[in-house]
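Each residue of the sequence shown is one higher than the last, beginning at 500 in this note's numbering. The next block holds one structure in the form of structure tokens; read it before the comments.
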Amino acid sequence: MSLALIIIAISFAAASGLPGLFLSRRTVWGQRIALFMMSISTILGLAGAFLALVVDQSRTLIFPWPAMGNSIVGIDSLSAFFLVPVLLMGGLGSIYGLGYWPQLQHIRNGRKLQLFWGLLVAGMSLLVISRHAMAFLFGWEVMALAAFFLVTTEDHMNESRRAGWIYIISTHIGTLTLFALFAFWRWATGSYDLKPIASDAISLTVMNVLFFLSLLGFGLKAGMMPFHFWLPGAHASAPSHVSAMLSGIVLKMGIYGLVRFLSLMPEPPYLWGSLILVLGGISGLLGVVFAIAQHDLKRLLAYHSVENIGIILMGLGLATLGRSADRPEWIVLGMAGCLLHTWNHSLFKSLLFLSAGSVVHSVHTRNIDSLGGLAKAMPWTAAMFVVGAVAICGLPPLNGFVSELFVYIGLLGAGITDGSLVAVIIVPVLAMIGALALACFVKVYSAVFLGTGRTDAVAHAHESPISMQIPMLILAACCVAIGLAPVLLPPMLDNAISSCMIGSDVPAISIGTVVPLKAVSFMSVLLVVLVISMAAFVRLRNRFPRCVGTWDCGYACPTSRIQYTASSFAQMIVAMFRWVLHPHMHWPHIEGLFPKPVKMHSHVDDIILDRVIMPASGKFEKWFGWFRRFQQGMTQQYLLYILITVILMMSTMIPFKEFITRLFAR
């Protein structure tokens, strides 16, 4: 029943944008039909996913197709766990699009966005339930191409085209790596079926090749450092609800692929878990450091995706170390942190991108230093952004705290109790990530929503329509629910973790026996009550006017010019990490008795794209510029090239060796 519901949901999602292609561009009915079909897809798909997740029933659908090994798709708790955010955000994004990207205001590209939005949801859902390499790659390619067309929704803008091409090149490098992975998988196992491998079936060398291919292919999609270079531009250039889908959901397909393939492998070497932990620490720390240095609101959130992918990888690395050391508590804590943070990040990061989209929809700028004071005109958006910011910083009582707590407890146990050097190093890194994330979002919230407006655009700010507010409210409610009631999670987490441990000799234990979730729930609820009580007391106290002194520290007539900007707030932290950020500072040049107004601005290049890939590609183009003389657009030359190629290929059929042997024999 669950698998049938999910297949029907995928069909509705894939077809949701088709009716709009047959309707006029100047009608709203195409978008409304797409919303209706995506809503059906979300309801049916979530019902099927939760049914499989709670009941823990594994089912494979058999097709009479011998070329595919008969088994193409199937459902288990791990697939259902990753399906939940895919389908939830698919429906909420469609609702959000009614107000953010209405068809009548985007006649040129509205139908395009609706079509590829449904295809993106369908492609991700298909690859999650795939049980065969061909079905997996088909879903992967549908996801990749749909995401490309969504990133380039505004293809008339140079920024969108550039981000789209960088994305499509990087994602197809990952796809080619997956082709190599599945080909090697077929050679090693004798089948394209995604089934667990027996411990004595393949050698350690083959296992290492499979692991590194999967780490590269899926790491590119996940945005793991240093494979993140496509991510900031794509997330910043796309429409905001597309950015929410890319950051909150699409990145997790890389995590799913890595988790699934590690679950199919026999007992992993200790090196695998250590390497994943180190890559997670690097991604988390550098992601948040580069986020602090950004001035673009959406680009800042994009780098925080790299940070949170790092936290997810820390949990996965801990679980992999647990399998190597036969430590079930490490496995449970690591996988619970990895899987739950996958959910949590999809919720609070989508909420933050939708809130940022509300700001962009109102003031038409993403530059943080041009904003300010929006909490007065947009109180709903400001409140939703606060919820997402508290959650992403890992603060109680919201959901980010719970999943990071799992990872903390596991790393402390591995580092202190068992003396794992990698775990000992990663624990303070994780603590530093949390502190820097808090500083970053204090900067963002204060510069965007507090103080007074810095430009005229802020003066005309207004709250977003109800269709944009509803998805934000649902996501915020999910963040609060998981944070206040983590005691409801163990059955689903235990079932998903058990799906990752098929064929493993490590005994299974429940996350509820390792972490005191009831105490966490009680403390979270108590904290909420305390905060509400303090807020009520402060509000009651401020009802009565107070006398103040004349000393005002020079702020008798404050203006936006004396406020901290985002750049000035982060200046000290940026200076601390100057060795990796290498900020470019453009200081104002003042001359003359009556100088003209000037401004200081700074920017930080991406560590991989701007400092490695682009310079290397420029040198490569310069070195091989001579080759352009062979491509002049002349048909005669191309026919000559074809003739030469055919002659060379035919010459390989001539037995030169035998001919030379007979010649000298004479």
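C-beta: ideal position from N, C-alpha, C; glycine also.
query: Going by the beta-carbon positions, is the gap between Cys892 and Ala930 smaller than 8 Å?
result: Translated into positions along the sequence shown, residue 892 becomes position 393. Translated into positions along the sequence shown, residue 930 becomes position 431. Not closer than 8 Å, so no.
message: Given a cut-off of 8 Å on the beta-carbon distance, is the pair Met724 and Ser669 in contact?
response: Translated into the one-based positions of the sequence shown, residue 724 becomes position 225. Translated into the one-based positions of the sequence shown, residue 669 becomes position 170. Against a cut-off of 8 Å, the Cβ pair of Ser669 and Met724 comes out as no contact.
First and last residue of the uninterrupted alpha helix (DSSP H) at Met1148: Numbered from 1 along the sequence shown, position 649 holds the residue referred to as residue 1148. Per DSSP, Met1148 belongs to the alpha helix (DSSP H) from 1134 to 1150.
- prompt: Do Asp795 and Arg865 have their C-beta atoms closer together than 8 Å?
  reply: On the sequence shown, position 296 is the one that residue 795 refers to. On the sequence shown, position 366 is the one that residue 865 refers to. Contact: yes.
- prompt: Is Val749 near Leu815, with beta carbons less than 8 Å apart?
  reply: Translated into positions along the sequence shown, residue 749 becomes position 250. Translated into positions along the sequence shown, residue 815 becomes position 316. Not in contact: Val749 and Leu815 (Cβ atoms no closer than 8 Å).
field: Separation of Ile1010 from Pro989, as counted between CA atoms
entry: On the sequence shown, position 490 is the one that residue 989 refers to. On the sequence shown, position 511 is the one that residue 1010 refers to. If you take the alpha carbons of Pro989 and Ile1010, they lie about 6 Å apart.
- request: Would you please state the rounded distance, in angstroms, between the beta carbons of Lys1098 and Pro1087? I believe it to be under 8 Å.
  value: Within the sequence shown, residue 1098 is the residue found at index 599, counting from 1. Within the sequence shown, residue 1087 is the residue found at index 588, counting from 1. Taking the Cβ atoms as the reference, Lys1098 lies roughly 6 Å from Pro1087, within the contact range of under 8 Å.
task: Please classify Thr704: is it buried, with 16 or more other beta-carbons within 10 angstroms of its beta-carbon, or exposed?
output: By one-based count along the sequence shown, residue 704 stands at place 205. Under this definition Thr704 is an exposed residue.
- prompt: DSSP three-state call for Met931: helix, strand or coil?
  reply: Against the sequence shown, residue 931 aligns to sequence position 432. Of the three classes helix, strand and coil, the one that applies to Met931 here is helix, per DSSP.
query: Which of the three DSSP states, helix, strand or coil, is assigned to Asn866?
result: Within the sequence shown, residue 866 is the residue found at index 367, counting from 1. Strand at Asn866.
task: Look at the Cβ atom of Leu693, then the Cβ atom of Leu763, and state whether they are nearer than 8 Å.
output: For the purposes of this step, residue 693 is taken as the residue at position 194 of the sequence shown. For the purposes of this step, residue 763 is taken as the residue at position 264 of the sequence shown. The Cβ-Cβ distance between Leu693 and Leu763 falls below 8 Å.
task: Please report how far the alpha carbon of His803 lies from the alpha carbon of His734, in whole angstroms.
output: On the sequence shown, residue 803 is found 304 positions in, with the first residue counted as 1. On the sequence shown, residue 734 is found 235 positions in, with the first residue counted as 1. Answer to the nearest angstrom: the Cα atoms are 11 Å apart.
message: Relative to the C-alpha of Ser856, which candidate in His740, Ile542, Ile867, Thr1144 has its C-alpha closest?
response: Residue mapping note: residue 856 aligns to position 357 of the sequence shown, counting from 1. It is worth fixing the name first, because residue 856 is Gly in this sequence and not Ser. Minimum Cα distance to Gly856 is reached at His740.
- prompt: Does the separation of the CB atoms of Met744 and Leu619 fall below 8 Å?
  reply: By 1-based counting over the sequence shown, the position of residue 744 is 245. By 1-based counting over the sequence shown, the position of residue 619 is 120. Taking 8 Å as the cut-off, the Cβ atoms of Met744 and Leu619 count as close.
field: Reduced DSSP category for Ala573 - H, G, I as helix; E, B as strand; rest coil
entry: Your numbering for residue 573 matches position 74 in the sequence shown. Before going on, a small fix: residue 573 reads as Gly here, not Ala. Gly573 falls in the strand class under three-state DSSP.
- request: Flag this pair as yes or no: are the beta carbons of Ala873 and Val943 separated by less than 8 Å?
  value: On the sequence shown, residue 873 is found 374 positions in, with the first residue counted as 1. On the sequence shown, residue 943 is found 444 positions in, with the first residue counted as 1. Note that residue 873 corresponds to Leu in the displayed sequence, not to Ala. In this structure, Val943 does not lie closer than 8 Å to Leu873 by Cβ.
- prompt: When we look at the beta-carbon of Phe1036 and count the other beta-carbons within 10 Å, is it buried (16 or more) or exposed?
  reply: Looking up residue 1036 in the sequence shown gives position 537. With fewer than 16 other Cβ atoms within 10 Å, it is exposed.
- prompt: Is it right to say Trp616 is buried, meaning 16 or more other beta carbons lie within 10 angstroms of its own, or is it exposed?
  reply: Position 117 of the sequence shown holds residue 616. Buried is the call here.
- request: Mind reading off the beta-carbon distance from Met834 to Cys939? Whole number of angstroms is fine, and I expect it under 8 Å.
  value: Position 335 of the sequence shown holds residue 834. Position 440 of the sequence shown holds residue 939. Their Cβ separation, rounded to whole angstroms, is 28 Å, which puts Met834 and Cys939 out of contact at 8 Å.
- request: Have a look at Ala533, Ser1020, His961 and flag the residue whose alpha-carbon is nearest the alpha-carbon of Pro985.
  value: Here residue 985 corresponds to residue number 486 of the sequence shown, with the count starting at 1. If we check each option's Cα against that of Pro985, Ser1020 comes out closest.
- prompt: What residues in its chain sit with their C-beta under 8 Å from that of Asn807, if we drop five residues either side in the sequence?
  reply: The sequence position of residue 807 within the sequence shown is 308, counting from 1. Contacts found: Gly783, Gly786, His840, His844, Lys848, Ile891.
message: Measuring alpha carbon to alpha carbon, tell me which residue in Ser869, Tyr595, Ser1059, Gly747 is nearest Pro970.
response: On the sequence shown, residue 970 is found 471 positions in, with the first residue counted as 1. Of the listed residues, the one whose Cα sits closest to Pro970 is Tyr595.
Unbroken beta strand (DSSP E) run spanning His655, endpoints: As a first step, residue 655 is located in the sequence shown; it is residue number 156 there, counting from the start. Here His655 belongs to no beta strand (DSSP E), and DSSP marks it neither H nor E.
query: Taking DSSP as the reference, what is the three-state secondary structure of Asp1105?
result: Residue numbering aside, residue 1105 sits at position 606 when the sequence shown is read from its first letter. Here Asp1105 sits in coil by DSSP.
message: Checking 8 Å against the spacing of the C-beta atoms, do Ile532 and Gly544 come in under that value?
response: Within the sequence shown, numbered from 1, the residue matching residue 532 stands at position 33. Within the sequence shown, numbered from 1, the residue matching residue 544 stands at position 45. No, Cβ-Cβ distance for Ile532 and Gly544 is not below 8 Å.
task: Using the Cα positions of Leu850 and Val862, report the straight-line distance between them to the nearest angstrom.
output: As a first step, residue 850 is located in the sequence shown; it is residue number 351 there, counting from the start. As a first step, residue 862 is located in the sequence shown; it is residue number 363 there, counting from the start. In this structure, the alpha-carbon of Leu850 lies about 19 Å from that of Val862.
field: C-beta contact flag for Met674 and Glu640 at 8 Å
entry: Taking the first residue of the sequence shown as 1, we reach residue 674 at position 175. Taking the first residue of the sequence shown as 1, we reach residue 640 at position 141. Checking the sequence, you will find Thr at residue 674 rather than Met. Taking 8 Å as the Cβ cut-off, Thr674 and Glu640 qualify as a contacting pair.
query: Mapping DSSP to helix, strand and coil, what is Ser629?
result: Mapped onto the sequence shown, residue 629 falls at position 130. The three-state secondary structure of Ser629, taken from DSSP, is strand.
Beta carbon of Leu626 nearer than 8 Å to that of Arg525: For the purposes of this step, residue 626 is identified with residue 127 of the sequence shown, where counting begins at 1. For the purposes of this step, residue 525 is identified with residue 26 of the sequence shown, where counting begins at 1. Contact: no.
query: At which residue ranges does the stretch 756 to 813 contain complete beta strand (DSSP E) runs of 3 or more residues, listed in the order of the chain?
result: Counting whole runs of 3 or more residues, the stretch 756 to 813 contains no beta strand (DSSP E) stretch at all.
task: Following the continuous alpha helix (DSSP H) through His734, name the residue where it begins and the one where it ends.
output: The count along the sequence shown starts at 1 and reaches residue 734 at position 235. Annotation: the continuous alpha helix (DSSP H) that includes His734 extends over 730 to 736.
query: Near Phe789, what residues of its chain come up, given a Cβ to Cβ distance below 6 Å and the 5 sequence neighbours on each side ignored?
result: For this step, residue 789 is matched to residue 290 along the sequence shown. Here Phe789 has Tyr802 as same chain residues with Cβ atoms under 6 Å from its own Cβ, once five neighbours each way along the sequence are excluded.
message: Can you find the residues in the same chain that come closer than 6 Å, C-beta to C-beta, to Asn898, ignoring five residues on each side of it along the sequence?
response: As a first step, residue 898 must be located in the sequence shown, where it is residue number 399. For Asn898, where only same-chain residues beyond five positions count, the Cβ hits under 6 Å are Asn843, Ala890, Cys978, Ile981, Gly982.
message: Give me the residue from Leu1026, Ser515, Phe511 with the minimum Cα distance to Gln530.
response: Taking the first residue of the sequence shown as 1, we reach residue 530 at position 31. Nearest in C-alpha terms to Gln530, of all of Leu1026, Ser515, Phe511, is Ser515.
task: Quick one: using the 10 Å Cβ neighbour count with 16 as the cut-off for buried, is Lys1121 buried or exposed?
output: For the purposes of this step, residue 1121 is taken as residue 622 along the sequence shown, with counting starting at 1. Within 10 angstroms of the beta-carbon of Lys1121 lie fewer than 16 other beta-carbons, which makes it exposed.
Distance, Gly887 Cα to Phe1068 Cα: Counting from one through the sequence shown, the residue named residue 1068 turns up at place 569. Counting from one through the sequence shown, the residue named residue 887 turns up at place 388. Rounded to the nearest angstrom, the two C-alpha atoms are 21 Å apart.
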